[in-house]
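Visitor: This note's numbering applies: residue 19 is where the sequence shown begins, and numbers increase by one. A virtual CB, placed ideally from N, CA and C, is assigned to each residue, including glycine. Since the model is a prediction, treat every value here as computed from it, not as a measurement. Before we start, here is the structure in question, set down as structure tokens.
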Amino acid sequence: MKFVLTKILSATSYATAKTRDALDTALRVQNFARGILQFKARPSDIFVVTYPRSGTTWVQYILYLLTTDGSMEFEHITQVCPWFERSLALGLQTVDDLESYSNPRIFKSHLPYAWTPKGARYIYVVRNSMDVAVSYYNLYRSHLGFSGDFTEFLERFMKGQVQYRSWQEHVTGWEAHKHDNSVLWLTFKELKQNMNACLDSIATFLNLQIDADKLAQVQKHCSFESMKLHEDKFDHITSLLIEKGLKSGQFLRKGKIGEGDKFFTEEQKQRFRNSLQQTKFSGPSLLHLDLFLR
């Protein structure tokens, strides 16, 4: 019986997962395609574009600090600077939602040049490919469920069999436009070694009038140490929780006796007691397995 049950569960789960994944992917592609066609970039829009693990969130936050009062009241950075393609693909935000953002709108993106909406301004950040591979490997293990070793991941990375595909193709596609007036080309190394110069370049590129005190505050807040203190506001896990309507710090709730008596209304208490009295347990059935597997 156990063997048969295991086989049924395995086959059903696999088929269901494959169908669900295919439908999810099709829906995301449809949402993204519709959004790209409808979206109209503004000349004041700023796209922070990179291949993943190249300093995207860092520069995203720098731009937020430069163009606002720097308030940290948001739950996650994507709420004030959306991840463009993900927001559209998952249906988290529509083009109309993005239209409601005031200027300058800041978008994070990992899109290749050909797929990025035109008519805006773009800050592209490139990072050493080996450093990217190591950082991406650790992200795959910590956030994407990858259980292989680095050797296995590196083979995938070199073949472009990872999210956003080939590092080389992505960087080369944008590098062809690095001298366009609408593109500011930065390197991760420059940001690490000479932040002041990079902030000046960004401010000049965006025609921002930033005084010395503001620049000093931006440099202080965008340091690795400062961002680490607020990691939940930048971690992709936080955005996933928000997307699903989940909240952290709620698993271990109160641990008190009598909470049910306080929470239930009198009518709910009576209905609940009646349902317990009427319930007859006849043992598990294969027909009810879906209730346990949700």
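Relative to the C-alpha of Trp76, which candidate in Met245, Phe102 and Arg104 has its C-alpha closest?
Guide: Met245
Visitor: Take every Cβ of the stretch 88-107, pair it with every Cβ of the stretch 123-143, and state whether three or more of those distances are shorter than 8 Å.
Guide: yes
Visitor: Along the chain, where does the alpha helix (DSSP H) containing Val201 start, and where does it finish?
Guide: Careful: Val201 lies outside any alpha helix (DSSP H), inside the beta strand (DSSP E) at Val201 to Thr205.
Visitor: Taking all protein chains shown into account, decide if Lys265 is buried (16 or more other Cβ within 10 angstroms of its Cβ) or exposed.
Guide: Because Lys265 sits at a pLDDT of 49, beneath the cut-off of 50, its placement in the model cannot be relied upon, and the following sentence gives the value as read from the coordinates. With fewer than 16 Cβ atoms within 10 Å of its Cβ, Lys265 is classed as exposed.
Visitor: Buried or exposed for Arg145, please, with buried defined as at least 16 other CB atoms from any protein chain shown within 10 angstroms of its CB.
Guide: buried
Visitor: Take Phe171 and list the residues in its own chain whose beta-carbon comes closer than 7 Å to its own, dropping the five residues that flank it on each side.
Guide: Tyr155, Tyr158 and Phe164
Visitor: Whole angstroms is fine: what's the gap from Asp167's alpha carbon to Ser184's?
Guide: Straight-line Cα distance between these residues: approximately 19 Å.
Visitor: Which of the three DSSP states, helix, strand or coil, is assigned to Lys126?
Guide: strand
Visitor: What did DSSP end up calling Tyr131 once you bin it into helix, strand or coil?
Guide: Reduced to three states, the DSSP call for Tyr131 is helix.
Visitor: Considering only residues of the stretch 164-200, which uninterrupted beta strand (DSSP E) runs meet the minimum length of 3 residues and lie entirely inside it, listed in chain order?
Guide: none
Visitor: If you draw a straight line from the alpha carbon of Thr169 to that of Met148, how long is it in whole angstroms?
Guide: 13 Å
Visitor: Quick check: what's the CA-CA separation for Leu162 versus Phe57?
Guide: 29 Å
Visitor: Between Leu202 and the rest of its own chain, which residues show a CB-CB distance below 8 Å, the 5 nearest in sequence each way excluded?
Guide: Excluding the 5 residues flanking it on each side, Leu202 has same chain C-beta neighbours closer than 8 Å at Arg139, Tyr140, Ile141, Tyr142, Ser219, Ile220 and Phe223, in chain order.
Visitor: Kindly confirm or deny that the stretch 79-86 and the stretch 106-120 touch, where touching means at least three C-beta pairs closer than 8 Å.
Guide: Between the stretch 79-86 and the stretch 106-120, the count of C-beta pairs closer than 8 Å stays below three; the two stretches do not touch.
Visitor: Alpha carbons only, please: which of Arg289, Ala215 and Tyr182 is nearest the one belonging to Thr68?
Guide: Tyr182
Visitor: Mind checking which residues open and close the beta strand (DSSP E) that includes Ile64?
Guide: Where Ile64 is concerned, the enclosing beta strand (DSSP E) stretches over Ile64 to Thr68.
Visitor: To which residues of the same chain is Gly73 closer than 7 Å at the C-beta, ignoring the five residues directly before and after it?
Guide: Val143, Arg145, Phe206 and Leu209
Visitor: What number of angstroms, rounded off, separates the C-alpha of Trp101 from the C-alpha of Asn225?
Guide: 23 Å
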